Amino acid sequence: DTAVSQTPKYLVTQMGNDKSIKCEQNLGHDTMYWYKQDSKKFLKIMFSYNNKELIINETVPNRFSPKSPDKAHLNLHINSLELGDSAVYFCASSRVRTVANYGYTFGSGTRLTVV
Amino acid sequence: QRVTQPEKLLSVFKGAPVELKCNYSYSGSPELFWYVQYSRQRLQLLLRHISRESIKGFTADLNKGETSFHLKKPFAQEEDSAMYYCALSPLNNQGGKLIFGQGTELSVKP
Numbered sequence: 005d006t007a008v009s010q011t012p013k014y015l016v017t018q019m020g021n022d023k024s025i026k027c028e029q030n031l032g033h034d035t036m037y038w039y040k041q042d043s044k045k046f047l048k049i050m051f052s053y054n055n056k057e058l059i060i061n062e063t064v065p066n067r068f069s070p071k072s073p074d075k076a077h078l079n080l081h082i083n084s085l086e087l088g089d090s091a092v093y094f095c096a097s098s099r100v101r102t103v104a105n106y107g108y109t110f111g112s113g114t115r116l117t118v119v
Numbered sequence: 035q036r037v038t039q040p041e042k043l044l045s046v047f048k049g050a051p052v053e054l055k056c057n058y059s060y061s062g063s064p065e066l067f068w069y070v071q072y073s074r075q076r077l078q079l080l081l082r083h084i085s086r087e088s089i090k091g092f093t094a095d096l097n098k099g100e101t102s103f104h105l106k107k108p109f110a111q112e113e114d115s116a117m118y119y120c121a122l123s124p125l126n127n128q129g130g131k132l133i134f135g136q137g138t139e140l141s142v143k144p
């Protein structure tokens, strides 16, 4: 029943590793997003995809590569992980035309810790 | 385009009124939201400016003159303790982008 689901919930990994976070939504939304919540709880958009097309790419290092195989899925792959990548990553979805009316539905977040 | 929540932490006693401040800078009339994040949970939509609703006793009024959208509750409850984010949706949509403020942590003491 979960509307926006992310896996894994927790991820602990060493510097230099490559990891992926998966996100799926069953709401029929056409747009999906990745947000990063840093240690100060600040939320910043990273990417958005509309119907598998990249729409927003907010000055994120090239080590971060989103992939959207279909409009219900948006995965985030991170290469060569660094200590500064430690954060909570939230996936969200919406209908792009109704964001102003209804906002987003968020996933439960993935807490990434790089050691 | 910017959303500012000037208070990082707001601490009140149970039963006291609470006001979480949100100011925005945007040349136009944006749509505004309040999101709430309870401890280690997902962000949940609390209320939307467009619907003028009251959820869990919270209300927010858009003041275009002061470019503010403060969140208010007359009597705080302990279960209101959470992180609160104000967010703005630009009218030109910009691919569905929501711009969030820095968040205010509300702590309601017994």
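Line by line, the protein sequences are chains A and B.
Each residue of the first sequence is one higher than the one before, counting from 5 in this note's numbering.
Each residue of the second sequence is one higher than the one before, counting from 35 in this note's numbering.
Think of the CB as a built atom: it goes at the ideal place given N, C-alpha and C, for glycine as much as any other residue.
In this text, all values refer to a predicted model and were calculated from it rather than measured experimentally.
Contact set for residue i: own chain, Cβ-Cβ below 7 Å, skip 5 residues either direction
i	result
A/K23	L15, T17, I82, L85
A/F94	Y39, Q41, F110, G111, G113
A/D74	K56
B/A50	A110
B/L96	L66, H83, F103
A/D89	I82, L116, V118
A/G20	S84, L85
Rounded straight-line distance, which links the Cα of residue j to that of residue i
i	j	result
A/M50	A/Y37	7 Å
B/K98	A/Y108	24 Å
A/I60	B/V46	39 Å
A/L80	A/E28	11 Å
A/V64	A/V118	18 Å
B/V70	B/A116	7 Å
B/Q136	A/L116	20 Å
B/P64	B/S85	14 Å
A/R101	B/G129	9 Å
B/T93	A/A91	31 Å
A/T67	B/T138	Checking the sequence shown, residue 67 of chain A turns out to be Arg, not Thr. Whole-angstrom Cα-Cα distance: 31 Å.
A/N30	A/K44	31 Å
B/Q75	B/E113	14 Å
B/L80	B/G62	23 Å
A/S9	A/I25	11 Å
A/S69	A/L58	11 Å
B/P40	B/F134	13 Å
B/K48	B/W68	21 Å
B/A121	B/V37	7 Å
Partners in chain A for residue i, counting only beta-carbon separations shorter than 8 Å
i	result
B/S123	V103, A104, G107
B/R82	N105, Y106, G107
B/Y137	The sequence given here places Gly at residue 137 of chain B; Tyr does not occur at that position. By Cβ distance, chain A contributes K45, F46, L47.
Chain-order list of residues whose beta-carbon lies under 6 Å from that of residue i (same chain, five-residue window excluded)
i	result
A/Y53	M36, S72, L78
A/H33	S97, S98, R99
Amino acids of chain B, ordered along the chain, whose beta-carbon sits closer than 8 Å to that of residue i
i	result
A/S43	Going along chain B, no residue has its Cβ under 8 Å from A/S43, so there is no contact; the nearest lies around 12 Å.
A/S98	G130
Three-state secondary structure assigned by DSSP to residue i
i	result
A/E62	coil
B/L77	coil
A/A7	coil
A/V119	coil
B/E113	helix
B/R82	strand
A/D89	helix
A/R101	helix
B/Y72	coil
Residue i: contacting residues in chain B (beta-carbon distance under 9 Å)
i	result
A/I49	K131, L132, I133, F134
A/N54	G129, G130
A/I60	Q128, G129, G130, K131
Sequence-distant residues of the same chain with beta carbon closer than 8 Å to residue i, five excluded per side
i	result
B/K131	S123, P124
Within chain A, the residues that residue i reaches when beta carbons sit closer than 9 Å
i	result
B/E65	V103, A104, N105, G107
B/L79	Y106, G107, Y108, T109, F110
B/Y119	K45, L47
8 Å contact criterion, which residue i and residue j should meet: CB distance rounded
i	j	result
B/L66	B/Y58	7 Å
B/L43	B/L105	15 Å between Cβ atoms; not a contact.
B/K107	B/V52	5 Å
A/L47	B/Y119	6 Å
Chain B contact residues for residue i, given Cβ-Cβ distances below 7 Å
i	result
A/F68	Those within 7 Å of A/F68 in chain B number zero; the least Cβ separation is about 17 Å.
A/G113	R76
A/T35	G130
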